[in-house]
Every structure is written in C-alpha cells, then in structure tokens.
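Residue numbers (the numbering used here): 72 to 184.
Structure representation (structure tokens):
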C-alpha cells in the first residue's frame, strides 16, 4: 500500500508542477516608472481616504455615544475608548500616508523617474 501511496504523491507532484515547468516566459513590457508611481500613489490616496472616512465615522459614533451616555459609566468609558482608538487609527493613517509619500519620492529619485 505504501508503494502506491508514494506513486500517487509523485504523480500529483508532477501534475501540479507541470504548468510551472512548461510555462512560457513572460516578457516584461518597457514600462514607464512614472506610470507605476502614479498608480501606487492613487491607490494609497484612495485607501487613506477610505480609512480617514472610517475614522471620522467612529469619531462621530464615539461623540454621539459620549453625549448620549447619560452618566452611565460603562457607556461613557466605551465612548471614550472609541474616541481614543479612532484618534490613534487616524494618526496611523496619516503617518502611513506621509511615510508612503516619502518612500515613493525616494524611490523615484533613486530609480530615475
């Protein structure tokens, strides 16, 4: 039984690795680094904008919960944590946006964009 099991595993390995071995090489197009840079910057802007929008929504939800807590200590603490975490998240998003702009600027100057 062990002999046939090893044969089945070897056959499966050969079948799964065949597309990798017999694949035609993909030739890279002569791309412009400026196109890649602008694409990456636009993706980062969209993601940062969406993350900022989510953080603003949590600010509103936390503020609303803070106002509507009516002195209930549990709801008050929950709202304070929501405000704190949304502020930290917004700070991380802003820092990531700034760092990504710095990195893309450095990469552009390094690779001659």
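All C-beta atoms in this analysis are idealised placements derived from N, C-alpha and C, irrespective of residue type, glycine included.
For residue i, name the three-state secondary structure that DSSP assigns.
i: residue 143; result: coil
i: residue 95; result: coil
Let me confirm a value: residue i is counted as buried when at least 16 other C-beta atoms fall within 10 Å, else exposed. Which label applies?
i: residue 162; result: exposed
i: residue 176; result: exposed
i: residue 157; result: buried
i: residue 141; result: exposed
i: residue 81; result: exposed
Short of 7 Å in beta carbon distance, which residues of its chain neighbour residue i, apart from the five on each side in sequence? Order them along the chain.
i: residue 16; result: Coverage of the chain is limited to positions 72 through 184, which leaves residue 16 absent and any answer about it impossible.
Considering only residues of the same chain and omitting the five flanking positions on each side of residue i, which have a CB-CB separation below 8 Å?
i: residue 134; result: 150, 154
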